[in-house]
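Protein chains: 2
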Amino acid sequence: MSENWLNEVNWSEDGLIPVVTQEASSNLVLMVAWMDRNALKLTIETGKAVYWSRTRKKIWHKGEESGHFQQVKEIYLDCDKDVLLLMVEQVGGIACHTGRHSCFFNKLENKQWAVVAPVIKDPKEIYRK
Amino acid sequence: MSENWLNEVNWSEDGLIPVVTQEASSNLVLMVAWMDRNALKLTIETGKAVYWSRTRKKIWHKGEESGHFQQVKEIYLDCDKDVLLLMVEQVGGIACHTGRHSCFFNKLENKQWAVVAPVIKDPKEIYRK
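Chains as they are written, first to last, in my numbering: chain C, 82 to 210; chain E, 82 to 210.
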């Protein structure tokens, strides 16, 4: 099976690409993460978002611990072919490890970062397995 | 004047941060670019998106050649404080250098990248100054 679509991606020198993940139903930007070639292949094969964790240096099946999987609806590549955009359905409505809907909850107000989104579920409850 | 809000940003080793730019009126993700500390300060001071061009290695006042400025409405920082999200009004309705509304116009369909958004204005017309 041809993998031209994978070869067309402009992977960085370290073999990664940044990924913007947007919620299809709300259009909220949920998070930004990274994929390597294998993570993108696994995302296509499983229909769920699979990333590359730069801190843990391994494949990260989003939701494997929390149950908060991301069902992938659409995948886009930008003009320079070096950024991906995933349109997803966020299972459980929580994308952020802090227990919030989106990771972008610090809003700049009067030159201060104000927390503007509530914790939906205590992370201790999410990750107690 | 305190610059705590700038110091709270987790700049990368090379002093940059990735920036997702979303259109406030449509919620479309327009592009992903980078900022250094100065670009973020200039963005706040001018109210228009200013990026750091990694290819040209200099400050990039978005729209200075095309007239397609981005009026910044809101700025968010993510949970790890290493990604920014800009909510903007896209002047001229064209964010992409290809003359399209958004940079994310390559959609994965049957393991092929299909161009799914039209060119609104010929780039030769945009950049002829």
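For glycine and all other residues, C-beta sits at the position ideal for the given N, C-alpha and C.
Since the structure is predicted, the reported quantities are computational estimates derived from the model, not experimental observations.
Beta-carbon neighbours of residue i, restricted to chain E and to distances below 8 Å
i                 : result
Leu166 of chain C : Val110 and Phe185
Option in the options with minimal Cα separation from residue i
i                 : options                                   : result
Glu170 of chain C : C:Met116, C:Lys138, C:Glu190 and C:Met112 : C:Met112
Leu167 of chain C : C:Cys177, C:Gly173, C:Trp92 and C:Glu155  : C:Glu155
Ser93 of chain E  : E:Lys162, E:Trp194 and E:Glu206           : E:Lys162
Ala105 of chain C : C:Gly174, C:Glu145, C:Leu123 and C:Trp141 : C:Gly174
Ile201 of chain C : C:Thr179, C:Leu165 and C:Ala195           : C:Thr179
Ala176 of chain C : C:His142, C:Ala120, C:Leu123 and C:Leu121 : C:His142
Val172 of chain E : E:Ala130, E:Glu126, E:Val101 and E:Val90  : E:Ala130
Gln152 of chain C : C:Lys205, C:Thr124 and C:Arg118           : C:Thr124
Ser119 of chain E : E:Ser107, E:Gln193 and E:Val90            : Checking the displayed sequence, the identity of residue 119 of chain E turns out to be Asn instead of Ser. Among E:Ser107, E:Gln193 and E:Val90, the Cα nearest to that of Asn119 of chain E is on E:Val90.
Ala114 of chain E : E:Ser107, E:Leu121, E:Asn108 and E:Val101 : E:Val101
Inter-residue spacing [alpha-carbon to alpha-carbon] between residue i and residue j
i                 : j                 : result
Met116 of chain C : Ser147 of chain E : 32 Å
Lys138 of chain E : Asp95 of chain E  : 12 Å
Pro99 of chain C  : Thr136 of chain C : 14 Å
Leu97 of chain E  : Leu97 of chain C  : 17 Å
Tyr157 of chain C : Asn88 of chain E  : 33 Å
Cys160 of chain E : Ser83 of chain C  : 38 Å
Cys184 of chain E : Ile207 of chain C : 35 Å
Gln103 of chain C : Leu165 of chain E : 14 Å
Asn187 of chain E : Asn85 of chain C  : 14 Å
Proximal chain E residues relative to residue i, where beta-carbon distance stays under 9 Å
i                 : result
Pro199 of chain C : Ordered by position in chain E, no residue passes the 9 Å Cβ test against Pro199 of chain C, which lies about 14 Å from the chain.
DSSP bridge partner residues for residue i (one or two, in chain order)
i                : result
Trp86 of chain C : For Trp86 of chain C, which the question treats as bridged, DSSP gives no partner whatsoever.
Partner residues on chain C for residue i, Cβ-Cβ distance less than 7 Å
i                 : result
Ile175 of chain E : None at all; the shortest Cβ gap to chain C is about 12 Å.
Within chain E, the residues that residue i reaches when beta carbons sit closer than 7 Å
i                 : result
Pro99 of chain C  : Pro99 and Val113
Gln193 of chain C : Trp86
Glu155 of chain C : Lys188
Proximal chain C residues relative to residue i, where beta-carbon distance stays under 8 Å
i                 : result
His178 of chain E : Cys160
Segments assigned beta strand (DSSP E), at least 3 residues, entirely inside the region 144 to 181 of chain C: 151 to 158 and 165 to 171
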